[in-house]
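Enquirer: Structure provided below as structure tokens; questions to follow.
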Amino acid sequence: EKGILVNLPQSKGALKPGDKGYNLFDMMDVYADKYQLQKGIINNVVHFRPASDPFWTLSPTLTFPNVKVEQAFTGNGTKEYNYDEFHSNTIAEYATDDSDMWTNEDLADENDPLTSQKIIAGVIVEPTSVNNQKRVISQKGKTFDIPHCLASRKDVVDDLLDIFIGTNAELDILKDKIVERFNEFAADLGQTVPGLDNFIVSAGARSGAMKVENHFFNVPKCVYLEEVDFGFFTAPRIPKNYADFVGARAIIDNWHNYNSFVPGVRNPSDPTDTNGKLVFKEVRIDFNLRQFDQTLDNPYFSLQGGGVGKFTRLKWNEAGDFANCDFWVPYNWLQNVTQTKI
Numbered sequence: 020e021k022g023i024l025v026n027l028p029q030s031k032g033a034l035k036p037g038d039k040g041y042n043l044f045d046m047m048d049v050y051a052d053k054y055q056l057q058k059g060i061i062n063n064v065v066h067f068r069p070a071s072d073p074f075w076t077l078s079p080t081l082t083f084p085n086v087k088v089e090q091a092f093t094g095n096g097t098k099e100y101n102y103d104e105f106h107s108n109t110i111a112e113y114a115t116d117d118s119d120m121w122t123n124e125d126l127a128d129e130n131d132p133l134t135s136q137k138i139i140a141g142v143i144v145e146p147t148s149v150n151n152q153k154r155v156i157s158q159k160g161k162t163f164d165i166p167h168c169l170a171s172r173k174d175v176v177d178d179l180l181d182i183f184i185g186t187n188a189e190l191d192i193l194k195d196k197i198v199e200r201f202n203e204f205a206a207d208l209g210q211t212v213p214g215l216d217n218f219i220v221s222a223g224a225r226s227g228a229m230k231v232e233n234h235f236f237n238v239p240k241c242v243y244l245e246e247v248d249f250g251f252f253t254a255p256r257i258p259k260n261y262a263d264f265v266g267a268r269a270i271i272d273n274w275h276n277y278n279s280f281v282p283g284v285r286n287p288s289d290p291t292d293t294n295g296k297l298v299f300k301e302v303r304i305d306f307n308l309r310q311f312d313q314t315l316d317n318p319y320f321s322l323q324g325g326g327v328g329k330f331t332r333l334k335w336n337e338a339g340d341f342a343n344c345d346f347w348v349p350y351n352w353l354q355n356v357t358q359t360k361i
């Protein structure tokens, strides 16, 4: 039927060939952009970790040699700030699906604190004060378009209960009254009423399921699940606070803020820890075989004055025992700026 053999099991929820993330490497790219992940192969092991993971910088075995960098015609290399990595605003945005109106739920209810900034959220970086507008370095922004929709959570049972009892906290009172009334009938009939608790649990088990307008939709969904124990069975459900983990605001705050140039955002306990870098290019350094071996699996190196830098290009001249390289070292060069959520 329509090219699919009938009466054969089908994989429900699996991505189609045209979907972003259909193959493993494509999906790794999606997650790398979404959660700011880095890939590396160390000792024949593939690592796929957040850029903020201390794993990347805890184990450099190479200490960078002392070298003088001069920006002259006959000098050794050039240096500049990482202007190209600075953005005046950053936005994370989930896709929406015209075939499923619930994927637009956040946009239509943006003033509701329970739903706002699940689908789209961002930050803007502005100067604290401006003395010379010509010296404002950038007005460019960056948007991370997530190619999947954020799943909506079914909460119908809870909503109906709220209509009648006002708050979820009164659910136990309502249940007690139902039990009391059933017990009265049971006493009159001379028998108990089995399965009452299971009935109440079953009625609420739909809460936390994925909410869709149709059984078929066009854009794949991102779903955050937790295993829930309903007493006589367990099942995966979307928790009420799922947006705290995978919502657009959470993605900005928990992952993309690592790229912030604003002191105190990336690391509140250390205002000097920012994404500011001093970038060196075409620098010639003394470099032998032992040092080359130390960089094969790890592009990071220790600085003699403390801290960690990273090679972005390294070309070793074996015969001459030197290397031509590009690298960066941390340098907090941007001041007088603040970051605001939008």
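For the sequence shown, the numbering used here gives the first residue as 20, with consecutive numbering after it. Each residue gets a CB set at the ideal place from its N, CA and C atoms; glycine is no exception.
1) Measuring only the C-alpha atoms, how far is Asn273 from Val149?
2) Under the three-state reduction of DSSP, which class applies to Ile110: helix, strand or coil?
3) Closer than 6 Å by C-beta to Thr359: which residues in its own chain qualify, once you throw out the five before and the five after it? Chain order, please.
4) Beta-carbon separation of Ala267 and Glu112 under 8 Å?
5) When the distance is taken between beta carbons, is Lys98 closer than 8 Å to Ala327?
6) Would the beta-carbon of Lys334 fall within 8 Å of that of Trp347?
7) Where does Ala254 fall in DSSP's three states?
8) Would you kindly report the start and end of the unbroken alpha helix (DSSP H) that includes Arg268?
9) Who are the near neighbours of Gln55 in its chain, counting only those whose CB is closer than 8 Å to its CB and skipping five residues on each side?
10) Where does Glu124 fall in DSSP's three states?
11) Helix, strand or coil: how does DSSP classify Tyr350 here?
12) Measure the Cβ-Cβ separation of Pro79 and Asn317 and say whether it is below 8 Å.
13) For the segment 299-309 and the segment 349-359, state whether three or more C-beta atom pairs, one from each stretch, are separated by less than 8 Å.
14) Could you pull the start and end residues of the alpha helix (DSSP H) that Val302 belongs to?
15) Measuring straight from C-alpha to C-alpha, what distance separates Ser321 and Thr162?
16) Find the nearest neighbour of Ala170 within the set Met120, Ser288, Gly59, Met229, judged by alpha-carbon distance.
17) Using DSSP with H/G/I as helix, E/B as strand and the rest coil, what is Thr115?
18) Compare the C-alpha of Lys159 against each of Ile257, Phe105, Ser118 and name the closest.
19) Excluding the 5 residues flanking Gln57 on each side, which residues of the same chain have their C-beta closer than 7 Å to its C-beta?
20) Quick one, which of Pro239, Asn355, Asp345, Ile361 has its alpha-carbon nearest Asn101's?
21) Taking 7 Å as the cut-off, does the CB of Asp316 come closer than this to any heavy atom belonging to the ligand HEM?
22) Could you check the C-alpha separation between Met120 and Lys296 for me, to the nearest Å?
Expert: So, from the listed chains and residues:
1) 30 Å
2) Note: Ile110 maps to strand in three-state DSSP.
3) Ile143
4) yes
5) The amino acid occupying residue 327 in the given sequence is Val; Ala does not appear at that position. Against a cut-off of 8 Å, the Cβ pair of Lys98 and Val327 comes out as no contact.
6) no
7) When secondary structure is reduced to three states using DSSP, Ala254 falls in the strand class.
8) 267-273
9) Pro69, Ala70, Ser71, Trp274, His275, Tyr277, Asn278
10) helix
11) coil
12) Against a cut-off of 8 Å, the Cβ pair of Asn317 and Pro79 comes out as a contact.
13) no
14) Per DSSP, Val302 belongs to no alpha helix (DSSP H); it is in the beta strand (DSSP E), 296-305.
15) 33 Å
16) Met229
17) Collapsing the DSSP output to three states places Thr115 in coil.
18) Phe105
19) By the criterion of a C-beta distance shorter than 7 Å, Gln57 is surrounded in its chain by Arg68, Ala70, Trp75, once the five residues flanking it on both sides are discounted.
20) Asp345
21) Among the components modelled here there is no ligand, and therefore nothing to report on the ligand HEM.
22) 44 Å
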